[in-house]
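Single-structure report; data block below.
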Amino acid sequence: MREPDRQVGKRQGSEPLRPVPRRQGRVLVVEDEPDVTELIRYNLAREGWDVVATASGADALKRAREAQPDIILLDVIVPGLNGWEVCRRLKQDPATRGIAVIMVTGRVEEGDKVLGLEMGADDYVTKPFSPRELIARVRAVLRRGKAAETADRKQLVKIGDLEIDRYRFEVRMSGVVVELTPKEFELLAALAGTPGRVFGRDELLDLVWGRDGFVEPRTVDVHVARLRGKFTAAGVSPPAIETVRGIGYRFREQEREAR
């Protein structure tokens, strides 16, 4: 087997021996081009990642449940189920919804990127890409995920003047209690849990409503508007929820504390 390098189909001279890297975690690669799979596998393995690979969208769902990877690199165009449908099903399955997903594709249309984010993808990388870029994106997505996981474990999260108290199920802005419904509370907590991360409307529906009953993406817009209105009615500044046109919402990044 040839040794992959920075570009598929290109080789460099021999490399000096490198120290054995510390184990980083497990990656599931869903890709039907053998050269691309080999490139990804080699470069992730040399950084300490265990790599599981499949060329089938349907098999990817099975592998994700069995292997429980830390992250999935998911090509949009794979046999069986396309990447968007695979991502949607992963995010709806309680056994796999917490696994981070990076969409990989040769298509550069904005609509493709928007669709991937709407399906719940955490990031998007376009071919051709360098191994360095891919590894950086993997690390960045996992850092965000760990930050969100840490936030979920904390009873009290403070972002600027906003406090979200899960123990008392209470929200305060500048010390003023703002009365919210359970869905409004969970929506705010989901967005504020990872400042700067863009959430698609479908992803927020899954996180907050869990696809129970008949709900539409418009439901998210209505609840965000009500959220903002309740803060205004309480005489305090609304939370830093920003609308990302054509995608969904994010909580504006700022200094964040949790305890």
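In terms of the numbering used here, the sequence shown is residues 2 to 260.
For every residue, glycine included, the Cβ atom is placed at its ideal position computed from N, Cα and C.
Being a predicted model, the structure only gives us computed values, none of them experimental.
Asked: Counterpart residues of residue 85 in DSSP-defined beta bridges; Found: BP columns for residue 85 are empty, so no partner.
Asked: Limits of the unbroken alpha helix (DSSP H) element including residue 225; Found: 218-234
Asked: Heavy atom of the ligand SAM within 7 Å of residue 129 beta-carbon; Found: In the structure on display, the ligand SAM does not appear, and there are no ligands present to speak of.
Asked: Between the CA atoms of residue 64 and residue 248 - distance to the nearest angstrom; Found: 29 Å
Asked: Pairwise C-alpha distance: residue 25 and residue 173; Found: 38 Å
Asked: For residue 244, the three-state DSSP class (helix, strand or coil); Found: strand
Asked: Coarse secondary structure for residue 67, derived from DSSP in three states; Found: helix
Asked: Cβ-based neighbour list, residue 263, same chain, cut-off 6 Å, excluding 5 preceding and 5 following; Found: The structure shown does not extend to residue 263, since the chain is modelled only from 2 to 260, so the question has no answer here.
Asked: Nearest-angstrom Cα separation, counted from residue 66 out to residue 96; Found: 6 Å
Asked: One or two residues paired with residue 210 in a DSSP bridge; Found: In the DSSP output, where bridge partners are listed per residue, residue 210 has none listed.
Asked: Element boundaries [beta strand (DSSP E), containing residue 160]; Found: 157-160
Asked: Residue of 121, 139, 71 minimising C-alpha distance to residue 93; Found: 121
Asked: Residue range of the unbroken beta strand (DSSP E) whose run includes residue 261; Found: Given that the chain is displayed from residue 2 to residue 260, the structure contains no residue 261 and the question cannot be resolved.
Asked: For residue 71 and residue 140, believed in contact at Cβ under 8 Å, the rounded distance; Found: About 11 Å; that fails the 8 Å criterion.
Asked: Anticipated Cβ contact below 8 Å, residue 46 with residue 37, distance rounded; Found: Not quite, the Cβ-Cβ distance comes to about 15 Å (not below 8 Å), so this is no contact.
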